[in-house]
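Accompanying notes for the structure given below.
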Amino acid sequence: MSAPSHPITPAGYAAMKARYDHLLGVERPEIVDIVSWAAGNGDRSENGDYIYGRKRMREIDRELGYLARRMKASRVVDPAEQRDRSRVFFGACVTLADEDDARKTVTLVGDDEQEAGCGRIGWSSPMARALRGAKVGDLRVVALPSGAKEWEIMQIAYD
131 MSAPSHPITP AGYAAMKARY DHLLGVERPE IVDIVSWAAG NGDRSENGDY IYGRKRMREI
191 DRELGYLARR MKASRVVDPA EQRDRSRVFF GACVTLADED DARKTVTLVG DDEQEAGCGR
251 IGWSSPMARA LRGAKVGDLR VVALPSGAKE WEIMQIAYD
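If you want it as structure tokens, here you go:
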């Protein structure tokens, strides 16, 4: 069996674990109580609480399975422990400038914790792949849906 291959920050792993624990310890027991109460009411074919509860329980079980697989396949990487801080690696906070000198700051995080609106891009995204290993002053071309765009690395930081 292969080693875990999905890098994730300690905060991202903690959030994933908290979601798993909440689903398993809070939401699922509540739904089980509702379903068992509704099942005791008789005819289940037209019992909305029973039907919805069973559907919600399947959704929770599916998400629990997904989270368990992702946590097992994840490798926690702490950006603060990065030795070579002069290059872009996992966890780097990178300030970029395009041809028009428009600045953009992105942080390379695990795919499970990406949020483009907040500037957190997934490790396997096209931009993150283009930035890997870059130094301050390097130019990198990123293939975007709107076309290729060139970015210059202005600053690299690790939190």
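Residue numbering for the sequence shown follows this note's numbering, starting at 131 and increasing by one per position.
A virtual CB, placed ideally from N, CA and C, is assigned to each residue, including glycine.
* Along the beta strand (DSSP E) that carries residue 204, what are the first and last residues, could you check? => Along the sequence shown, one-based indexing puts residue 204 at 74. Where residue 204 is concerned, the enclosing beta strand (DSSP E) stretches over 204-206.
* Segment contact flag, the region 185-202 with the region 149-157, C-beta cutoff 8 Å, min 3 pairs -> Yes, the region 185-202 is in contact with the region 149-157.
* Can you check whether the CB of residue 277 is closer than 8 Å to the CB of residue 136? -> Taking the sequence shown and counting its residues from 1, the one referred to as residue 136 is at position 6. Taking the sequence shown and counting its residues from 1, the one referred to as residue 277 is at position 147. One thing to note: residue 136 has its Cβ no nearer than 8 Å to the Cβ of residue 277.
* Looking at C-alpha atoms only, which residue of 165, 193, 191 and 196 is the closest neighbour of residue 181? -> Within the sequence shown, numbered from 1, the residue matching residue 181 stands at position 51. Looking at the Cα atoms, 165 is the closest of the given residues.
* residue 253 - DSSP class collapsed to helix/strand/coil -> Taking the sequence shown and counting its residues from 1, the one referred to as residue 253 is at position 123. Here residue 253 carries a coil assignment [DSSP, helix/strand/coil].
* Per the contact definition of three or more C-beta pairs closer than 8 Å, is the region 169-176 in contact with the region 188-204? -> Touching, no, given that fewer than three Cβ pairs across the two stretches are closer than 8 Å.
* **Segment contact flag, the region 268-285 with the region 244-253, C-beta cutoff 8 Å, min 3 pairs** => They do not touch, by the three-pair rule.
* To do: List in chain order: all unbroken beta strand (DSSP E) runs of 3+ residues lying wholly within the region 135-209.
  => You should have 136-138 and 204-206.
* Asked: Thinking C-alpha only, which one of 286, 201 and 170 is nearest residue 139?
  -> One-based indexing of the sequence shown puts residue 139 at position 9. Comparing C-alpha distances from residue 139 to each of 286, 201 and 170 shows the shortest one belongs to 201.
* To do: Flag this pair as yes or no: are the beta carbons of residue 238 and residue 284 separated by less than 8 Å?
  => By one-based count along the sequence shown, residue 238 stands at place 108. By one-based count along the sequence shown, residue 284 stands at place 154. No. Outside cutoff.
* Return the first residue and the last residue of the beta strand (DSSP E) that residue 223 is part of. => One-based indexing of the sequence shown puts residue 223 at position 93. Counting along the chain, the beta strand (DSSP E) containing residue 223 begins and ends at 222-227.
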